[in-house]
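Below is one structure, written out as structure tokens; the observations come after it.
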Amino acid sequence: MARNKEKIQELGDRKLVAEIEKLQNQIAWEQDLDQNTLDLSDDNYIQGKILKAKYTFLYNEARHRGTRFSGITNAITQ
1 MARNKEKIQE LGDRKLVAEI EKLQNQIAWE QDLDQNTLDL SDDNYIQGKI LKAKYTFLYN
61 EARHRGTRFS GITNAITQ
């Protein structure tokens with residue numbers, strides 16, 4: 001029974017880290033795009049804020065859960 005709980009938690013942690021990495025990439029891409037844009041629209045500004053809020057929420061959740069990650073991008077740092 002405990003073994004299944006560990007597997008489920010591990011699967012959840014992997015999904016959480018994958019989502020955090022995806023958001024990191026989106027934020028980096030948006031920031032690069034924003035630097036090259038002459039007239040940044042309100043929609044783009046709001047979308048950037050939403051991406052950062054999602055990232056912050058998921059990152060804090062991963063830290064709270066004690067999620068460890070040792071991948072290339074090092075999404076979760078202690």
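All residue numbers for the sequence shown refer to this note's numbering, where the first residue is 1 and numbers rise by one.
All C-beta atoms in this analysis are idealised placements derived from N, C-alpha and C, irrespective of residue type, glycine included.
*Report yes if the C-beta distance between Ile20 and Tyr59 is below 8 Å; otherwise report no.*
Against the sequence shown, residue 20 aligns to sequence position 20. Against the sequence shown, residue 59 aligns to sequence position 59. In contact: Ile20 and Tyr59 (Cβ atoms closer than 8 Å).
*asked:* With a threshold of 8 Å on Cβ separation, who are the neighbours of Asp34 within its own chain once the five nearest residues in sequence on each side are excluded?
replied: Locating residue 34 in the sequence shown gives position 34, counting from the first residue. Once the five neighbours on either side are set aside, the close Cβ partners of Asp34 are Leu40, Asn44 and Gly48.
*Reducing DSSP to helix, strand and coil, say where Leu56 ends up.*
The residue labelled residue 56 in the question sits at position 56 within the sequence shown. Note that residue 56 is Thr in the sequence shown here, rather than Leu. The answer is helix: DSSP assigns Thr56 an H, G or I state.
*Out of curiosity, what's the CA-to-CA distance linking Lys22 and Met1?*
If you number the sequence shown from 1, residue 22 lands on position 22. If you number the sequence shown from 1, residue 1 lands on position 1. CA-to-CA, the gap between Lys22 and Met1 works out to about 32 Å.
*asked:* On the criterion of 16 or more Cβ atoms from any shown chain inside 10 Å, does Leu38 qualify as buried, or is it exposed?
replied: Here residue 38 refers to the residue found at position 38 of the sequence shown. Per the 10 Å Cβ criterion, exposed.
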